[in-house]
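Protein chains in written order, with my numbering: chain U, 1 to 367; chain A, 368 to 511. All C-beta atoms in this analysis are idealised placements derived from N, C-alpha and C, irrespective of residue type, glycine included. All values reported here derive from a predicted model rather than from experimental measurement.
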């Protein structure tokens, strides 16, 4: 009861603090990011084809002088069907430079890529994301790329920038052999996930380093026929990693390294502890004002008996195993608003034949 | 065509000539109270207007104000000082907003409103045509 009263008092204080302050709204900013592609591969029976890529609508506004909101809705084709999903939807209040806090659906503050490029292919130097950073729902989705919860961030004045989040758990429906999901609403677990990133940001410096951590429980969401009861932990995860961006003259480097520990729970695989590593290193060279060449090496390595990766009911990489990729991309910027990219992606999974996929993509922003 | 409409067309054309001639006369970056630097470099102004910094080199925190789209002084300012045309600037801000790196400066209706806003409170910076400068503000950068 006392705990309940304290919680109520804390909520009331928060509400009062949130209600104090500004009242000046600014213009609503609208935009659309999109891409249209032609894709060819050496996969047998896979014909070259034109593809409508993602169509990403966003709206953002300072709804008063200290409160900002953003909404992002993405339309995308999956297996011939056009699907839509709310990718980001949040409201954030600025209390000071050192403390901004918001609630909603964000990109998780792990690594550099997700929180800087989001779903905008035009913002990237390559057509594809590093495969270990794939969005939820895909066989390559290893880490939660979205979170639904609270996110605080701020600058400590000396170049240090922090992001910290508490969010709903991630789930897998093992009865449906599905993939890692970030459910829009339900959380069957009392546990919450934690994310944090500390980075050093100085615009005049060429080097931008970051350190990040995650504590996350992957929960069973099957109502019946799953490995465990709904709401039970399948795997408890802890992650530590670093990212680094370096830019000097015409040369650029972007790299991220992830060290993941999976503690499989009783009833899941060998119920043991396993570690996995993933990284990418991307090197770019600006050939002229409009041409840029990029090479990226990607790698995912894990224990062969790690159920999180190898159980077909979980991530389901049993047919692929570990993997490396080499990505080459040549980009031509027509202007600030659109660019043409030719990417060749060499995929080398441990347990399946290597494939090469070439993509010519026209990425754009409407504003 | 009625004579009145012809006269309207002529005066409208003349007015736009005068406005663009005025705009071409030069653009100045102005500061109000609390801006204790003798001048600003183009690089600093560019970083301020592109949202890359909110501080001057000496650490003074500042706010900047913009003119609305379509204003000839704005077009001249962005072309001469920022190095982008207005379409490029819009595309630039679309990307910044999407990635959560900021939002474009607020706007004031015309140059007179910019001068008033800059002079009203400390730490404010704006830009106007060189003809619109008055004693309430100080010129920090001049671009002919």
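To the nearest angstrom, report how far apart residue i and residue j are at their CA atoms.
i, j, result
"residue 499 of chain A", "residue 181 of chain U", "58 Å"
"residue 70 of chain U", "residue 44 of chain U", "42 Å"
"residue 459 of chain A", "residue 72 of chain U", "18 Å"
"residue 492 of chain A", "residue 430 of chain A", "6 Å"
"residue 464 of chain A", "residue 365 of chain U", "12 Å"
"residue 476 of chain A", "residue 290 of chain U", "35 Å"
"residue 312 of chain U", "residue 35 of chain U", "32 Å"
"residue 166 of chain U", "residue 184 of chain U", "15 Å"
"residue 357 of chain U", "residue 127 of chain U", "11 Å"
"residue 462 of chain A", "residue 279 of chain U", "26 Å"
"residue 66 of chain U", "residue 95 of chain U", "7 Å"
"residue 304 of chain U", "residue 129 of chain U", "25 Å"
"residue 388 of chain A", "residue 434 of chain A", "Legend: pLDDT at residue 388 of chain A = 47, less than 50; position of this residue unreliable, value from coordinates given subsequently. The alpha-carbon atoms of residue 388 of chain A and residue 434 of chain A are separated by roughly 18 Å."
"residue 114 of chain U", "residue 506 of chain A", "42 Å"
"residue 478 of chain A", "residue 213 of chain U", "49 Å"
"residue 211 of chain U", "residue 156 of chain U", "16 Å"
"residue 60 of chain U", "residue 108 of chain U", "19 Å"
"residue 176 of chain U", "residue 310 of chain U", "16 Å"
"residue 7 of chain U", "residue 344 of chain U", "Model confidence at residue 7 of chain U stands at a pLDDT of 45, short of 50, so the residue's coordinates are unreliable and nothing is read from them."
"residue 416 of chain A", "residue 273 of chain U", "51 Å"
"residue 111 of chain U", "residue 314 of chain U", "23 Å"
"residue 504 of chain A", "residue 496 of chain A", "13 Å"
"residue 300 of chain U", "residue 74 of chain U", "27 Å"
"residue 226 of chain U", "residue 232 of chain U", "11 Å"
Give the interface partners of residue i over in chain U, defined as CB-CB distance under 7 Å, in chain order.
i, result
"residue 461 of chain A", "31, 365 and 367"
"residue 455 of chain A", "335 and 336"
Buried or exposed: residue i, going by 16 or more other Cβ atoms within 10 Å of its Cβ?
i, result
"residue 224 of chain U", "exposed"
"residue 276 of chain U", "buried"
"residue 406 of chain A", "exposed"
"residue 354 of chain U", "exposed"
"residue 84 of chain U", "exposed"
"residue 204 of chain U", "exposed"
"residue 334 of chain U", "exposed"
"residue 221 of chain U", "buried"
"residue 229 of chain U", "exposed"
"residue 438 of chain A", "buried"
"residue 509 of chain A", "exposed"
"residue 306 of chain U", "buried"
"residue 202 of chain U", "exposed"
"residue 234 of chain U", "buried"
"residue 216 of chain U", "buried"
"residue 443 of chain A", "buried"
"residue 511 of chain A", "exposed"
"residue 368 of chain U", "The structure shown does not extend to residue 368 of chain U, since chain U is modelled only from 1 through 367, so no value can be given for it."
"residue 426 of chain A", "exposed"
Show which residues of chain A have a CB atom less than 7 Å away from the CB atom of residue i.
i, result
"residue 116 of chain U", "466"
"residue 58 of chain U", "465"
"residue 246 of chain U", "Those within 7 Å of residue 246 of chain U in chain A number zero; the least Cβ separation is about 18 Å."
Please list, in chain order, the chain A residues whose beta carbon lies closer than 8 Å to that of residue i.
i, result
"residue 120 of chain U", "462, 465 and 466"
"residue 62 of chain U", "470"
"residue 26 of chain U", "470 and 473"
What in chain A is Cβ-close to residue i, meaning under 9 Å?
i, result
"residue 123 of chain U", "462, 465 and 466"
Looking at C-alpha atoms only, which residue of the options is the closest neighbour of residue i?
i, options, result
"residue 219 of chain U", "U:236, U:207 and U:210", "U:236"
"residue 153 of chain U", "U:162, U:200 and U:139", "U:162"
"residue 146 of chain U", "U:105, U:156, U:111 and U:139", "U:105"
"residue 451 of chain A", "A:497, A:413 and A:504", "A:413"
"residue 302 of chain U", "U:259, U:269 and U:326", "U:259"
"residue 428 of chain A", "U:48, U:97, U:90 and U:88", "U:97"
"residue 297 of chain U", "U:48, U:346, U:77 and U:288", "U:346"
"residue 82 of chain U", "U:317, U:148 and U:55", "U:55"
Under 8 Å Cβ-Cβ, which residues of chain U neighbour residue i?
i, result
"residue 458 of chain A", "335, 336, 337, 365 and 367"
Can you find at least 3 beta carbon pairs, one from the region 349-365 of chain U and one from the region 321-330 of chain U, that sit closer than 8 Å?
yes
Any contact between the region 468-478 of chain A and the region 390-404 of chain A? By contact I mean 3 or more CB pairs, one from each, below 8 Å.
no
Inter-stretch contact at 8 Å, needing at least 3 Cβ pairs: the region 123-137 of chain U / the region 471-485 of chain A
no
Say whether the region 246-256 of chain U touches the region 268-284 of chain U, bearing in mind that this needs 3 or more beta-carbon pairs closer than 8 Å, one atom from each stretch.
yes
State whether the region 167-179 of chain U contacts the region 188-205 of chain U, with contact taken as three or more CB pairs (one from each stretch) at a distance under 8 Å.
As far as the Cβ criterion goes, the region 167-179 of chain U touches the region 188-205 of chain U, which means the pair count is three or higher.
Given 8 Å, three or more beta-carbon pairs between the region 264-273 of chain U and the region 108-124 of chain U
Flag = no, the region 264-273 of chain U and the region 108-124 of chain U do not touch.
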